[in-house]
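Protein sequence lines, in the order shown, are assigned to chains A and B. Numbering-wise (the working numbering), the first sequence opens with residue 1 and increments by one. Numbering-wise (the working numbering), the second sequence opens with residue 1001 and increments by one. Taking it in order: structure first as structure tokens, then the write-up.
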Amino acid sequence: MFKRVLSLFSKDLSIDLGTANTLIYMHGKGIVLNEPSVVAIRNNPEGGPRAIEAVGAAAKGMLGRTPANIDVIRPLKDGVIADFTTTEKMLQYFIRKVHKSHLLRPSPRVLVCVPCGATQVERRAIRESALSAGALKTYLIEEPLAAAMGANLPIKEAFGSMVLDIGGGTSEVAVISLNGIVYSASARIGGDRLNEAIINYIRRNYGVLIGESTAERIKHEIGSAYPGKEMLEIEVKGRNLSEGIPKSFSLNSNEILEALQEPLQGIVSAVRTALEQTPPELGADVADRGIVITGGGALLRDLDRLIMEETGVPVVIADDPLTSVARGGGRVLELMEESGTELLARD
Amino acid sequence: MQEDSQKRKETIGSVLVDARSQAGLSQAEIARQMNLTIRTIQALEEDDFDRLPGPTYVRGYLQTYSKLVGQDAGQLIRIYNEQYPAEPEHQPPVHTNKRRGPVVLLAAAALVVLAGVYVLLQAPDPQSSVQVPDLAGAPETPVATPEEASDPPEDPASGQKDVDAPVDPDISAPILSGELQSQERPTARIDDNEPARPPVEAGVQAREQRPVTDGQPASGEGLEVLTMTFMDDSWIEVRDADMQLIMWDLMRSGAALEIKGKTPFEVLLGNSPDVVIHIDGKRFDHSRYHQSDRTSRFKVSGSMLN
Chain A
1 MFKRVLSLFS KDLSIDLGTA NTLIYMHGKG IVLNEPSVVA IRNNPEGGPR
51 AIEAVGAAAK GMLGRTPANI DVIRPLKDGV IADFTTTEKM LQYFIRKVHK
101 SHLLRPSPRV LVCVPCGATQ VERRAIRESA LSAGALKTYL IEEPLAAAMG
151 ANLPIKEAFG SMVLDIGGGT SEVAVISLNG IVYSASARIG GDRLNEAIIN
201 YIRRNYGVLI GESTAERIKH EIGSAYPGKE MLEIEVKGRN LSEGIPKSFS
251 LNSNEILEAL QEPLQGIVSA VRTALEQTPP ELGADVADRG IVITGGGALL
301 RDLDRLIMEE TGVPVVIADD PLTSVARGGG RVLELMEESG TELLARD
Chain B
1001 MQEDSQKRKE TIGSVLVDAR SQAGLSQAEI ARQMNLTIRT IQALEEDDFD
1051 RLPGPTYVRG YLQTYSKLVG QDAGQLIRIY NEQYPAEPEH QPPVHTNKRR
1101 GPVVLLAAAA LVVLAGVYVL LQAPDPQSSV QVPDLAGAPE TPVATPEEAS
1151 DPPEDPASGQ KDVDAPVDPD ISAPILSGEL QSQERPTARI DDNEPARPPV
1201 EAGVQAREQR PVTDGQPASG EGLEVLTMTF MDDSWIEVRD ADMQLIMWDL
1251 MRSGAALEIK GKTPFEVLLG NSPDVVIHID GKRFDHSRYH QSDRTSRFKV
1301 SGSMLN
């Protein structure tokens, strides 16, 4: 009961618990937190308890730059919880952070987005983790549905809307009509796989090892999914594998395009499969209106063009694709009192 | 003539038509490249947005169209947003929840009353005032309550030497006791507030999250030693009878832990099947509490073994 009383002082939250970033949408305020899903843990050399050193952006800054007694952990893998306790602590930190002006410990109603490919055990872990982090009540929603809500798609209508949400760990594709998912699929390809592909390409072709943060910077600055008119270049530093010393070299966007081919083809084939599996009436709606891309992956240059060329279907990128899922979850929470729990996922 | 041209440029459609003519592309060519029908392209160029599916799609089409004809998409989308403002999803009325206003006030009043009752209940209780300094100050020599005096407790040292006890005193020596853990956590940023959690709140929270396991002894006032041995990495959380969080940590495989405190302890384990538990040297089988996700939460005290 005390927790219920506390909930009156907390605002409902929608959490996009992503492999790469966690976003929190607060009822009445919009997106209040957007931090990397990273936790740095300091090991006690005397065998004592381990302590949380940093969470979020501060922890991500430490990635690849830590001494032996600090572990930087990404507690989510492929969109689901890989390290339960660290996820719980991270969520606890984030929930408190967005309620920092409150004197009492926050106890909000929380809606968490889950990949549609998540198993029952994975869903339960997410639910338990949010409850242990202080939530009064936890609701789950399938990510593509939240993404479609966040992108303002007319999902209530008897029309097919296809949404492709490319996150850090997974890409989710779904066809939605009349507030429900007609077809959904989840491919374990996302921003992380793109980074990995860049690291592997550079190691193979230049004999140089680069870190994850550098790979991500390359992807953001010159990464593209389709050959463009202009060629971009970037200066990169890494460790020469044969000589063992740091080496500086330049990369161009065509090379990165080549490096990203394999994971991108994985995403394209997931979309193709979805189009094949979609009932014909809804497929016709999608072919008429187009596929909407959300998630951080949508920011990859010319990704829409690649999917357009490969599938022959129009493609549009949602406004502010990074926050679509969290905003969509927030809208579901706001609508929950009017329209009930129709949109929520079952365990 | 110049005025006419100025007026035309104010609409999205006219900007698109001009840019398309300059690029030397036909409507059919644009439609082919965007995988859209010519009717959709015509609707865009005639500013007839009601024929199009919805704002998200229209903004997307404008973006792609602009890119194809080398136009600044941002400018067109700005004009579109002025004409068709986005749904005010970012600004839902901040205090729309009217029912919450008076409820919050009532809740605040109820809290004050509850806090008062709690303070009144706690203050005259001589037992708790004795127990707390006892727990923190001299854990090795617990003050015997009248019940304990009539039934002499087992020597703690003999408990340590028990053949079944999995923890070698030498191994457990550097391990911090529960009380120390709760005080020494300066670097844990997210736990700064943890010890300040009011006991009432903690107790209620625990009861709400999971049903309390059956068969709990009502009393269990004495200090008992909880020993845990970890066969694999596991998260642990231990609360004492007062629902104070006395220990939480990620324990590594092979580690052992000894906690002394007022029972029943409430224990949460992240990897339950790989933890061996003894209470006052006696093995406690917690397998019936294992959840499908390998966690478990239960209460344990020496009297449960009898």
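Glycine included, each C-beta is placed from N, C-alpha and C at the ideal position.
*asked:* I'd like to know whether the C-beta atoms of A:Ala197 and A:Glu262 end up nearer to each other than 8 Å.
replied: yes
_DSSP three-state label for A:Gly352, please._
This structure does not reach residue 352 of chain A, given that chain A is present from 1 up to 347, and the question cannot be answered.
_Between the alpha carbons of A:Val210 and A:Ser242, how many angstroms are there, rounded?_
Correcting the residue type first, residue 210 of chain A is Ile in the shown sequence and not Val. Taking the straight line from one Cα to the other gives about 14 Å.
*Round the Cβ separation of B:Met1034 and A:Pro321 to the nearest angstrom and send it over; I've been treating them as touching at under 8 Å.*
That pair is no contact at about 19 Å.
*Would a check of beta-carbon distances place B:Met1001 closer than 8 Å to chain A?*
Per-residue confidence for B:Met1001 stands at a pLDDT of 44, beneath the threshold of 50, marking its modelled position as unreliable; the derived number appears in the next sentence. So, not an interface residue.
*Tell me which same chain residues have a C-beta within less than 7 Å of the C-beta of A:Ala215, skipping the five on either side of it?*
Asn195, Ile198, Ile199
*Nearest-angstrom Cα distance between B:Asp1232 and B:Thr1263?*
26 Å
*Report the residue from A:Met336, A:Thr323, A:Ala57, A:Leu264 whose alpha carbon sits nearest the alpha carbon of A:Arg305.*
A:Leu264
*Going straight from the alpha carbon of A:Glu122 to that of A:Tyr93, what length do you get?*
21 Å
*Do three or more CB pairs link the region 139-159 of chain A to the region 106-121 of chain A at distances below 8 Å?*
yes
*Residues in the region 1285-1296 of chain B with C-beta within 8 Å of chain A's C-beta atoms, listed in sequence order?*
Ser1292, Asp1293, Thr1295
*Which residue from A:Val55, A:Ile245, A:His27, A:Leu260 puts its Cα closest to that of A:Arg193?*
A:Leu260
_Spatial distance of A:Pro75 from A:Thr87 (CA atoms)_ = 6 Å
*Quick one: what's got a C-beta closer than 6 Å to B:Asn1271's C-beta in the same chain, skipping five residues either side?*
Asp1232, Ser1234, Arg1294
*Beta carbon proximity, A:Asp78 to chain B, threshold 8 Å*: no
*Taking Cβ to Cβ, would you say A:Val173 is nearer than 8 Å to A:Val271?*
yes
*Between B:Thr1064 and A:Val316, what straight-line distance do the alpha-carbon atoms span, to the nearest angstrom?*
8 Å
*Are B:Phe1230 and B:Val1267 touching if we call contact CB-CB under 8 Å?*
no
*Would you be able to state if there are at least three C-beta pairs under 8 Å between the region 57-73 of chain A and the region 29-47 of chain A?*
yes
*Could you round the C-beta distance between B:Asp1280 and B:Val1225 to whole angstroms and report it? I think they count as a contact, below 8 Å.*
6 Å
*What does a CB cutoff of less than 6 Å around B:Arg1051 pick up in its chain, not counting 5 residues either side in sequence?*
Ala1043
*Residues in its own chain within less than 7 Å of A:Gly244 by CB, not counting five upstream and five downstream?*
none
*N- and C-terminal bounds of the beta strand (DSSP E) containing B:Met1243*: Segment: none, B:Met1243 is in no beta strand (DSSP E) and carries neither H nor E.
*In three-state DSSP terms, what is B:Thr1263?*
coil
*DSSP on B:Asp1293, reduced to helix/strand/coil?*
coil
*Is B:Leu1036 close to chain A, meaning its C-beta is less than 8 Å from at least one C-beta of that chain?*
yes
_8 Å is my cut-off, CB to CB: does B:Asp1072 come that close to chain A?_
no
*Checking contacts by CB at 8 Å: is A:Arg289 closer than that to chain B?*
yes
_Is there a C-beta anywhere in chain A that falls below 8 Å from the one on B:Gln1083?_
no
*Of all the CB atoms in chain B, is at least one closer than 8 Å to the CB of A:Asp304?*
yes
_Of the residues A:Gln277, A:Ile70, A:Asp12, A:Thr273, the one placed nearest A:Gly134, counting alpha carbons only_ = A:Asp12
*Does A:Glu281 get closer than 8 Å to chain B when you measure Cβ to Cβ?*
no
*From the beta carbon of B:Pro1273, is the nearest beta carbon of chain A less than 8 Å away?*
no
*Taking the C-alpha atoms as reference points, what is the distance between B:Ala1255 and B:Ser1301?*
22 Å
*Could you have a look at A:Asn195 and say whether DSSP puts it in helix, strand or coil?*
helix
*asked:* Going by the DSSP bridge assignment, what does A:Leu13 pair with across the sheet?
replied: A:Met26, A:Val110
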